[in-house]
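Take any residue in the sequence shown, count from 1 to its spot, add 69: that is its number in the working numbering.
Structure first, commentary second.
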Amino acid sequence: MPNHIHVTIAFSKTNKSINKIVGDGKRFIAYDIIKRLKDIKHEILLSKLENAVNSK
């Protein structure tokens, strides 16, 4: 499948779990995407994303 990647990673100098580290990274990326969409005033996509989050 060309739309994802598998990796094996380990962090030896932290007590955080890999799930926490990956989750924090995904959250950081999501906030950056939202910021960029706001900067370019892409209201349609922002609205769709907001509706998807609020419908859960």
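C-beta atoms are modelled at their ideal positions from N, C-alpha and C, and glycine is treated no differently.
Since the model is a prediction, treat every value here as computed from it, not as a measurement.
From residue i to residue j, what does the alpha carbon distance come to, in whole angstroms?
i	j	result
L106	D93	20 Å
N72	K95	16 Å
I109	S124	25 Å
I113	Y100	17 Å
L118	K82	36 Å
A121	K85	30 Å
Rounded to whole angstroms, how far is the Cβ of residue i from the Cβ of residue j, which I believe are closer than 8 Å?
i	j	result
F153	I87	Nothing in the structure corresponds to residue 153, since the chain is present only between 70 and 125.
Using 9 Å as the threshold, is the C-beta distance between residue i and residue j below it?
i	j	result
K115	I103	In the sequence as presented, Lys is not what sits at residue 115; that position holds Leu. Contact flag set, yes.
Between the options, which has its C-alpha nearest residue i's C-alpha?
i	options	result
T77	K95, R96, V91, T83	V91
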